[in-house]
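Note that the working numbering has the first sequence beginning at 600, numbered continuously upward. Ideal Cβ placement from N, Cα and C applies to all residues, glycine included.
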Amino acid sequence: MPREIAKAYEPQQIEPRWAEYWVKEALFRADTNAPGPVFSIVIPPPNVTGSLHIGHMLEHTEIDILTRWHRMRGYNTLYLPGTDHAGISTQRVVVKHLKDQGIDYHELGREEFEKQVWKWKADAGGQITQQMRGIGESCDWSRERFTLSPEMSRVVREVFVRLYEEGLIYRATQLVNWCPVCLTVLSDLEVVHEERRGHLWQIKYPVVGSGEFLVVATTRPETMLGDTAVAVNPEDERYMHLVGKKVLLPLMNREIPIIADEIVDREFGTGAVKITPAHDPHDFAVGRRHKLPEIDVMTDDGHMSAHAGKYAGLDRFEARKKVVQDLKAQGLLEKVTEHTHAIGICERSKTIVEPRVSTQWFCKMKPLAEPAIAVVESGEIQIVPENRREEYFNWMRNIRDWTLSRQLWWGHRIPAWYCKEHAHVSVAREKPANCSMCGAANLEQDPDVLDTWFSSGLWPFSTLGWPEETQDFKTYYPTSLMITGYDILFFWVARMIMLGLHFTKKVPFRAVYLHSLVRTGSGEKMSKSKGTGLDPVVLNQQYGTDAMRFCLASMAAPGTDIVLTDDRLASSRNFANKIWNAARFVFVNLEKFEQRGARLEELAAPEVRAKAPYEYGGEVQLVDGWLFNRLAVTASGVNSALRNYRFHEAAQDIYQFFWGDFCDWYIEWVKPELQSADRGRAIVAWKNLFAAFDVALRLLHPFMPFLTEELWHQLPQKHGAKSIALDTYPEPGDEQAHLQLLVQFQLIQEVIVALRNIRSEMKVDPKKKMAAELFVWDGITRDAIRKNNDAVIRLAVLSQLTVSEKPLAQAGGAMRSTSQFDVRIGYAEAVDLAAEKARLKKEIEGLQKAIASKEKQLADDTFRSRAPEKIIKGLGATLAGQRIELQKLQDRLDQLERGE
RNA sequence: AGGCCCGUAGCUCAGUUGGUUAGAGCGCUACCUUGACACGGUAGAGGUCUGGGGUUCGAGUCCCCACGGGCCUACCA
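So this is what it looks like as structure tokens:
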């Protein structure tokens, strides 16, 4: 490739090109009828209500890596594209959107509102799709196909009706979490608890018919307006005589009973508790037990209701102030203390959640949870990383009924109809003509919608065609893998497991991989509402898409959260660039070779590459044997890392191989051979170079799809070959092949580094060629060095290299010694004796310590009898080597001290 | 209140069943504008793994305690 073209294809330039390609080709569309193994994966919902952020990118990066990897290994892969949240956040964003346009959403009918939602989603959807392209995903989120689509609604209704008929879904009046801003009930999971400083007010309630006061403690004085009793512990001597009597509720002048209930803690506060069944979960339970009236003193938007007497109409926090004021004025406020307590906050609106009595739909969870616990216990569903299993069990074993209904406009309507006359409930798949109980024709559907996670929990069903036994369903259910952040383990994953098991008796997926969360520099969880999210599009532009992907992968150690830093991103960008430049070297030099009459196909056709490493002169050359062994080990490592969801190890292996081995050593080593006058030698060198490069590209492809795709197309490919993504993935290699060459080469690397080190320490001009003398213990390696004399000379910048048959005397020049070799550069000028001695002393000290500890260990009989053979032998071998090295260093130091 | 996780080089982090002188990237030092690459090359310095105790022949790795930081779950008014 001419250099100008290479320049035109800077890494940043090629990404959009290939992004387009992916979208058009839809390479990951699965074919149900294709033979072979299946890999299917559930994609988490992209949260389209805000901008996409890095947290999602991590998820999709990992998914895409796994999918490409499986695809290249011949698996029939399928994404089940993520659901769209059809819940509160959507509604909130639309409401804001409408407000910005000056429209009051209350004035719109439900129908019009939904139209607006669709319109907005279409706008945002386009944007999201564009953003997704940048990251190289398959891009087909299928929003329009599935969200609130007829297919999905049908499944939702089917499941709802079945659960209702089984008695698992029921309608009841309960105390629920109510958000006065969102105007809806919330599930327990949507309520966030926060420690807040508040006060504990002690209020005197006059006991009727005596001069006594009963003092109660509360953190929420305004709720006293709805008190219907005061409770004390039945064993509390202080109050025993009062049980059964009444107190006069201050401000309201209502008589309420004093009751005994063991839920009351004698130690806390005054030991007497005001009971407000309509505004406290605790009190609600007490109230039900004692059949107390439930007085709701608030309205749905957090103001005081008509039941609050003269406080009606006040905001709940205003009312609190007023109540306290009035109590104080009447001398009924005993005392006020500081008090810290956890308070429920609405996840979306951040307002304080108000417990309220209300009639809602619930789902019994215990019967669903039990089988879901069992399948994880038995390992039928594998949870990665392991430690999340405990959390799963913890939650599942303490599960409470699920509040299903939401008072929102956007979402799946509850398939329940009420007759106007008696409010009888009819639950059905389609609108019934008549009331199931009284036969009345005048039916109205429940205005509420279902919790968004209800439909999300049915995702494997709705995407695969359940309840019909479709081909898709048979092939891809259970799914291979569920991959998502651990933060929605309960919201989504657990519910898919429960519902999946309940209706099919089969697990919905075999493994759950819970990835880390990406945090900001200051450790905060990324959040759109806090404005702490990093924008992937910006980072893509800054560092390149592949660099960002690689960076995320390289940091994705399971079980720990990720903090993305510029340093790390820059380093990945540098890696992408390194690959690019290495490729340029390959192509630019190839051109010269072609000018000499070689044909590209002859060198680099895929079937040629498959036979590497090629021999020259009847044997595999040292550097080739080494490189292909390294490649085999790397391929094994990467495959096994990916199999265990250890993305960071895979990335690390590839990085090390490509940069540390391929670029730093291999390319440098073979440069002259590629230009060799001996055409046979040059051709072998080229074939091996291409083959190695090709394997490296394929290894790298899932991590850097765009770059590798582009480069892959520059290599000669089979006619009609479309994409590297459809090529094969390098299988785990034979780690024993060329092992001898590997060992020899590594020793030679050490020799070269030692020579460079001498030069550097002695401050020799880097270009000045020096004469060196070398002794290597191992005879075969000695021969190998003689054979590769030119390369060693070049890489160590020598004028000549004399390979000695005997150990070098510890005298003269500048030396380095290990147990395996001695090397010396003849150096006429004065060596910095002090520095050299200091270096030697330091090395000697380290060695002495290491030797002493080993000697001690090996002398220990208990150690010898208990440690495995392998460890003892290894220790012995290392010790022997270290003793030799120590001796050499010692000799050298002595010689210097004597001033020779 | 219960549970989970973290504390390893100046910084950000790896280190899967305990085993031979603990790794990476960035930063730092010295030298090098070498025809793939300064987003580069070569060589190097730098941690005893928060502290204490224990188990073990052997602990960064397992157990206990303390300190520091984070997260999740929880109806103590």
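Less than 6 Å between C-beta atoms, sequence neighbours within five positions excluded: which residues of the same chain meet that for residue i?
| i | result |
| --- | --- |
| residue 1153 | 1247, 1250 |
| residue 1353 | 1415, 1422 |
| residue 1387 | 1221 |
| residue 1484 | 1417, 1418 |
| residue 1239 | none |
| residue 769 | 961 |
| residue 966 | none |
| residue 1020 | 1039 |
For residue i, collect the residues of the same chain with a Cβ closer than 8 Å to its Cβ; drop the 5 residues on either side in sequence, then sort them by chain order.
| i | result |
| --- | --- |
| residue 1488 | 1416, 1439, 1442, 1443, 1446 |
| residue 1234 | 1294, 1298, 1329, 1330, 1331, 1332 |
| residue 1460 | none |
| residue 1495 | 1432, 1435, 1436, 1439 |
CB-CB under 7 Å to residue i, same chain, minus the five flanking residues each way: which ones, in chain order?
| i | result |
| --- | --- |
| residue 803 | 812, 814, 931, 933 |
| residue 886 | 827, 874, 876, 893 |
| residue 788 | 1089, 1090 |
| residue 837 | 870 |
| residue 1456 | 1462, 1474 |
| residue 1031 | 1016, 1025, 1042 |
Measuring CA to CA, which of the options is closest to residue i?
| i | options | result |
| --- | --- | --- |
| residue 666 | 1304, 1192, 756 | 1304 |
| residue 1236 | 1265, 940, 1329, 1436 | 1329 |
| residue 1192 | 1454, 829, 1286 | 1286 |
| residue 1057 | 1042, 1086, 1038, 1101 | 1101 |
| residue 1451 | 1479, 964, 1435, 1472 | 1479 |
| residue 849 | 836, 829, 842, 840 | 829 |
| residue 1035 | 1410, 868, 1023 | 1023 |
| residue 900 | 908, 907, 912 | 912 |
| residue 808 | 1432, 834, 843 | 843 |
| residue 832 | 847, 822, 852, 857 | 857 |
| residue 661 | 1150, 847, 771 | 1150 |
| residue 1000 | 1404, 774, 1401, 673 | 774 |
| residue 883 | 902, 903, 898, 862 | 862 |
| residue 1292 | 1322, 1492, 1258, 656 | 1258 |
| residue 749 | 1054, 1313, 641, 898 | 1054 |
By DSSP, does residue i sit in helix, in strand, or in coil?
| i | result |
| --- | --- |
| residue 886 | helix |
| residue 809 | coil |
| residue 823 | helix |
| residue 1076 | coil |
| residue 1298 | helix |
| residue 1262 | helix |
| residue 702 | coil |
| residue 1403 | strand |
| residue 1421 | strand |
DSSP beta-bridge partners for residue i?
| i | result |
| --- | --- |
| residue 1084 | 1114 |
| residue 776 | 785, 954 |
| residue 797 | 938 |
| residue 1500 | This structure leaves residue 1500 out entirely; the chain is present only between 600 and 1499. |
| residue 943 | 792 |
| residue 902 | 914 |
| residue 1016 | 1025, 1044 |
| residue 1004 | 1049 |
| residue 676 | 638 |
| residue 817 | 800 |
| residue 962 | 768, 1001 |
Next item on the list: Count the C-beta pairs between the region 1170 to 1185 and the region 1275 to 1283 that are closer than 8 Å, then say yes if the count reaches three, no if not.
Entry: As far as the Cβ criterion goes, the region 1170 to 1185 does not touch the region 1275 to 1283, which means the pair count is below three.
Check: How about the region 1356 to 1371 and the region 1391 to 1400: do they share at least three Cβ pairs that are nearer than 8 Å?
Finding: Pairwise C-beta distances place the region 1356 to 1371 in contact with the region 1391 to 1400, as three or more of them are shorter than 8 Å.
Next item on the list: Could you tell me whether the region 1061 to 1078 touches the region 1034 to 1048, using the rule of 3 or more Cβ pairs below 8 Å?
Entry: With the cut-off at 8 Å, the region 1061 to 1078 and the region 1034 to 1048 do not touch.
Check: Can we say the region 982 to 990 touches the region 949 to 969, given the rule of at least three CB pairs closer than 8 Å?
Finding: The region 982 to 990 is not in contact with the region 949 to 969.
Note to self: Under 8 Å: do the region 748 to 761 and the region 936 to 944 share three or more Cβ pairs, one atom per stretch?
What the structure shows: The region 748 to 761, when compared against the region 936 to 944, does not touch it at the 8 Å Cβ threshold.
Next item on the list: Decide if the region 1132 to 1146 is in contact with the region 1165 to 1182; the criterion is three or more beta carbon pairs, one per stretch, under 8 Å apart.
Entry: The region 1132 to 1146, when compared against the region 1165 to 1182, does touch it at the 8 Å Cβ threshold.
Next item on the list: Please determine if the region 856 to 868 and the region 921 to 931 are in contact, where contact requires at least 3 C-beta pairs separated by less than 8 Å.
Entry: As far as the Cβ criterion goes, the region 856 to 868 does not touch the region 921 to 931, which means the pair count is below three.
Next item on the list: Count the C-beta pairs between the region 1013 to 1020 and the region 1135 to 1143 that are closer than 8 Å, then say yes if the count reaches three, no if not.
Entry: Contact fails: fewer than three Cβ-Cβ distances are below 8 Å.
Note to self: Using 8 Å as the cut-off, can you tell me whether the region 1194 to 1202 makes contact with the region 1261 to 1272, which would need three or more C-beta pairs spanning the two stretches below that distance?
What the structure shows: Segment contact: the region 1194 to 1202 against the region 1261 to 1272, fewer than three CB-CB distances shorter than 8 Å; contact not assigned.
Checklist line | the region 965 to 983 touching the region 814 to 825, judged by at least three CB pairs closer than 8 Å | finding: Judged by Cβ distances under 8 Å, the region 965 to 983 makes no contact with the region 814 to 825, as fewer than three pairs qualify.
Margin query: Using a Cβ distance threshold of 8 Å, determine whether the region 1099 to 1117 contacts the region 1208 to 1223, with at least three qualifying pairs required.
Written below: Contact between the region 1099 to 1117 and the region 1208 to 1223 is not established, with fewer than three Cβ pairs separated by less than 8 Å.
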